[in-house]
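*Asks:* What follows is a structure written as structure tokens; I'll ask about it next.
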Amino acid sequence: MGPLLSTDCGGGVTSQRLIWILWPSFIVGGIAEVLFFTAFDPLDMMFFGYPITWSREAVYTVGFFVFWAICATSSAATCFLQRSSGDINR
Amino acid sequence: MKSPAPTQEATAEPVEQALYEVRKKIHPRAVSGKFAWSRWFFVWATQLVFYGLPWLSWNDRQAVLFDLVHRKFYIFGLVFWPQDIVYLTVLLIISAYSLFLFTAVGGRLWCGYACPQTVYTEMFMWIERKIEGDRMKRIKLDKSPLTGRKVGLKAAKHAAWIALALWTGFTFVGYFTPITELGTKVSAWSMGPWETFWIFFYGFATYGNAGWMREQVCKYMCPYARFQSAMFDRDTLIISYDKGRGEPRGSRSRSADYKAKGLGDCVDCGICVQVCPTGIDIRNGLQYECIGCAACIDGCNQVMDKMGYPRGLVRYSSENALEQHLDFGQMVRRVVRPRILIYTAVLWTIIIVAAFALTNRVPVKVDVIRDRISMAAPDAPLVENVYRLQVMNTSERPRQFRITASGIDGIELESQRQPITIDGASQRVIPVRLRVEKQLTKPGANRIVFTVETVGDVESIVIEEGATLIAPKSD
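As they're listed, the protein sequences go chains A and B. The first sequence begins at 1 in my numbering and counts up one residue at a time. The second sequence begins at 91 in my numbering and counts up one residue at a time.
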């Protein structure tokens, strides 16, 4: 995470960079959560071939953080690619 | 004489740079006036709804309950199922269009009065003011060294903030799990792990956003703030400083003949800047940080009253009104213009269509799932397919149903004893076996129809759901 967050790119400081990564992914992760669990009932799903034994609340909660994490990874990759090679290899 | 306020173009550059500055803490000064009153009105109206709604009952259940555990949403007399997601989509479209309409008419009305970020910030600032005092006292307190008094005041403020934030988190979770049960569990400290987690998560978000982040949420995180000017035109009411009247600004004594000195009406007291929750100077023109809260209007009007000048140096006005010196009536009449009429027409069309669809919603839904493994042996005289019919009764009273099949002559249906009773707001999966003579089918898929109809009910509902019956190749 060091080179991704520590230096300025286009003027961004670390806390704003964190907002750029965590905030859009929070919104999109939330939308993904709603769409996904509207269409699929956790109790009908299989996890690597095994039925899920957790409660629906548990699956919804963990699911939300999984969606958020996936979206945050994408945001982080976008942030990373916005910077030129020169910025990264200083 | 000071130079006139820079135009919007001239300030564009410094504003962009200010984005990346380390945040300077803003200590907004309290203000009173008709817009402050309106903001408080909206704080009460929205929060009475938010904190109060989960406690209302309807049909012996919570009136508004988004029951995620049972995958059903109750809103007064309506029950929504996951299949009804189209209504959620329509609701979002209506919200978006309303936002466009309000923005085109009156700028950031949503931001200034109704957005939760504004409302909770308002509430948290009220607590802050009650405990730490108004602007000057707070600035002094923040600068002062750490004393017992400072620690006491800060601790009291954060304790009050956290209490309100946790109550907000509790209310939020109360929309998803019955709030009276949740209240009992909370008082006995026996909530489930997920309820506990979400109360604290939402509480923490409220505390962080309204206590600490405040205007930064609007400046850096809100997508609407970035594109709202796309909905503005030259007749949109925005909070504006009347440069023609105010400039050249400058301090003067109350009795001075300022016009003889060549001064405008702005006394350059800086109140408009001090009351601003985003810390901008409205005299620099329309800025994207402006959330349209109108605190500067109230602040300036108070000063104008004291000076004995007419009110409205800072007021709701439009670009055209300022340039062409339109009076209030002319400005308001310009609200009726093509952009507004189109937004209004589209909005009402969507609302009417949605309301019509909602009132004519059939309270029964049927899904047919064919069991893939149920093929008859190739040489058997009868073809047999097994289906599961998911029948949902979305109304809140029990209903009885009869299921029949048609599409192939002599089709025989075997199921549990009919009619089948399904309780209110629930569903049943009914296994059904269909049998037909093989010679009446063609190899492969045959079109059949399941008919599900209510029995002995004043409201007769007939639902036909198509399906396929698979016949083996005859060889």
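We treat Cβ as the ideally placed atom computed from N, Cα and C, and that holds for glycine.
Taking all protein chains shown into account, decide if Gln173(B) is buried (16 or more other Cβ within 10 angstroms of its Cβ) or exposed.
*Replies:* Exposed, because fewer than 16 other Cβ atoms sit within 10 Å of the Cβ of Gln173(B).
*Asks:* Please decide whether Ala76(A) counts as near chain B, where near means a Cβ-Cβ distance under 8 angstroms.
*Replies:* No, Ala76(A) does not count as interfacial toward chain B.
*Asks:* For Ser408(B), name the three-state secondary structure that DSSP assigns.
*Replies:* Ser408(B) falls in the coil class under three-state DSSP.
*Asks:* Can you list, in chain order, the residues of its chain whose CB lies under 8 angstroms from that of Pro42(A), leaving out five sequence neighbours each side?
*Replies:* Contacts found: Ile52, Trp54, Arg56, Val59, Tyr60, Gly63.
*Asks:* Using 8 angstroms as the Cβ pair cut-off and three pairs as the minimum, do the stretch 479 to 486 of chain B and the stretch 130 to 139 of chain B touch?
*Replies:* Because the criterion of three Cβ pairs below 8 angstroms is not met, the stretch 479 to 486 of chain B and the stretch 130 to 139 of chain B do not touch.
*Asks:* Please decide whether Val363(B) counts as near chain A, where near means a Cβ-Cβ distance under 8 angstroms.
*Replies:* No, because no Cβ of chain A sits closer than 8 angstroms to the Cβ of Val363(B).
*Asks:* Does Ile442(B) pass the burial test, meaning 16 or more other C-beta atoms within 10 Å, or should it be called exposed?
*Replies:* Exposed, since its Cβ has fewer than 16 Cβ neighbours within 10 Å.
*Asks:* Rounded to the nearest angstrom, what separates Met91(B) and Arg339(B) at their Cα positions?
*Replies:* In this prediction, Met91(B) scores a pLDDT of 38, lower than 50, which makes its location untrustworthy; the coordinate-derived value is nonetheless stated afterwards. Approximately 8 angstroms, taken between the alpha carbons.
*Asks:* Short of 6 angstroms in beta carbon distance, which residues of its chain neighbour Arg424(B), apart from the five on each side in sequence? Order them along the chain.
*Replies:* Closer than 6 angstroms at Cβ, skipping near neighbours: Asp325.
*Asks:* Indicate whether at least one CB of chain A lies closer than 8 angstroms to the CB of Phe287(B).
*Replies:* True, the Cβ-Cβ gap to chain A drops below 8 angstroms.
*Asks:* Could you work out which residue in Gln420(B), Arg225(B), Ile175(B) is closest to Pro367(B) when comparing CA atoms only?
*Replies:* The shortest Cα separation from Pro367(B) among Gln420(B), Arg225(B), Ile175(B) belongs to Arg225(B).
*Asks:* Can you give me, in chain order, the residues of the stretch 476 to 487 of chain B that have a beta carbon less than 9 angstroms from any beta carbon in chain A?
*Replies:* The stretch 476 to 487 of chain B vs chain A, Cβ under 9 angstroms: nothing.
*Asks:* Determine the DSSP secondary structure at Asn391(B), reduced to helix, strand or coil.
*Replies:* Helix at Asn391(B).
*Asks:* Hey, is Ile538(B) close to the ligand MN, as in C-beta under 7 angstroms from one of its heavy atoms?
*Replies:* No copy of the ligand MN occurs in the structure displayed, which carries no ligand at all.
*Asks:* In or out: Arg17(A) buried (at least 16 other Cβ within 10 Å) or exposed?
*Replies:* Counting Cβ neighbours within 10 Å, Arg17(A) comes out buried, since at least 16 surround it.
*Asks:* Closest by CA to Lys532(B), which one among Val545(B), Thr558(B), Glu549(B), Pro509(B)?
*Replies:* The option with the nearest alpha carbon to Lys532(B) is Thr558(B).
*Asks:* Label His160(B) either buried or exposed according to how many other C-beta atoms from any shown protein chain fall within 10 Å of its C-beta, with 16 as the threshold for buried.
*Replies:* It counts as exposed.
*Asks:* Since Ile329(B) and Cys386(B) should fall inside the 8 angstroms C-beta cutoff, what is the C-beta to C-beta distance between them, to a whole number of angstroms?
*Replies:* Yes, they are in contact, since the Cβ atoms of Ile329(B) and Cys386(B) sit about 7 angstroms apart, within 8 angstroms.
*Asks:* Is Ile624(B) near Ala535(B), with beta carbons less than 8 angstroms apart?
*Replies:* Since the first and last residues shown for chain B are 91 and 565, residue 624(B) lies out of range.
*Asks:* Can you give the Cα-Cα distance for Ile116(B) and Ile183(B), rounded to whole angstroms?
*Replies:* Near 35 angstroms, if we compare the C-alpha coordinates of Ile183(B) and Ile116(B).
*Asks:* Starting from Leu256(B), trace the alpha helix (DSSP H) both ways and give me its first and last residue.
*Replies:* Here the alpha helix (DSSP H) through Leu256(B) covers 238 to 263.
*Asks:* Since I believe Phe491(B) is in contact with Pro509(B) (beta carbons under 8 angstroms), could you give me their beta-carbon distance rounded to a whole number of angstroms?
*Replies:* Yes, they are in contact, since the Cβ atoms of Pro509(B) and Phe491(B) sit about 6 angstroms apart, within 8 angstroms.
*Asks:* Just checking my contact of Gly293(B) with Gly259(B) at CB under 8 angstroms: how many whole Å lie between their CB atoms?
*Replies:* Contact flag correct, Cβ pair sits at about 3 angstroms.
*Asks:* Are the beta-carbon atoms of Val180(B) and Ala435(B) separated by less than 8 angstroms?
*Replies:* Contact: no.
*Asks:* Identify whether Val548(B) lies in helix, strand or coil by the three-state DSSP scheme.
*Replies:* In the structure shown, Val548(B) sits in coil (DSSP, three-state: anything other than H, G, I, E or B).
*Asks:* According to DSSP, is Phe70(A) helix, strand or coil?
*Replies:* Here the sequence assigns Ile to residue 70(A), which means Phe is not the residue at that position. The answer is helix: DSSP assigns Ile70(A) an H, G or I state.
*Asks:* According to the neighbour-count rule (16 or more other Cβ atoms, all chains shown, within 10 Å of its Cβ), is Met281(B) buried or exposed?
*Replies:* Under this definition Met281(B) is a buried residue.
*Asks:* Any Cβ of chain B within less than 8 angstroms of the Cβ of Arg17(A)?
*Replies:* False, the Cβ-Cβ gap to chain B never drops below 8 angstroms.
*Asks:* Using the three-state DSSP reduction, which class does Thr511(B) fall into: helix, strand or coil?
*Replies:* Three-state result, Thr511(B): strand.
*Asks:* Once the 5 residues before and after Arg401(B) are set aside, which same chain residues still bring their CB inside 6 angstroms of it?
*Replies:* Within the same chain, Arg401(B) has close Cβ partners Asn391, Met394.
*Asks:* If we require 4 or more residues per run, which alpha helix (DSSP H) segments fall completely within the stretch 150 to 222 of chain B?
*Replies:* Listed in chain order, they are 175 to 196, 206 to 222.
*Asks:* Grab me the residues of Val28(A)'s own chain with a C-beta within less than 6 angstroms of its C-beta, minus the 5 sequence neighbours each way, in chain order.
*Replies:* Within the same chain, Val28(A) has close Cβ partners Cys71.
*Asks:* Please name the residue, chosen from Ala350(B), Asp347(B), Ser343(B), that lies closest to Asp358(B) on a Cα-to-Cα basis.
*Replies:* Asp358(B) has its Cα closest to that of Ser343(B), out of Ala350(B), Asp347(B), Ser343(B).
*Asks:* Apply the 10 Å Cβ neighbour rule to Phe65(A) and answer buried if 16 or more other Cβ atoms are within range, or exposed otherwise.
*Replies:* Exposed, because fewer than 16 other Cβ atoms sit within 10 Å of the Cβ of Phe65(A).
*Asks:* Can you grab the Cα-Cα spacing for the pair Thr439(B) / Phe446(B), in whole Å?
*Replies:* So the alpha carbons of these two residues sit roughly 11 angstroms apart.
*Asks:* Please list the residues of the stretch 159 to 179 of chain B that have a C-beta atom closer than 7 angstroms to any C-beta atom in chain A, keeping them in chain order.
*Replies:* From the stretch 159 to 179 of chain B, only Val159, Arg161, Pro172, Ile175 have a Cβ closer than 7 angstroms to chain A.
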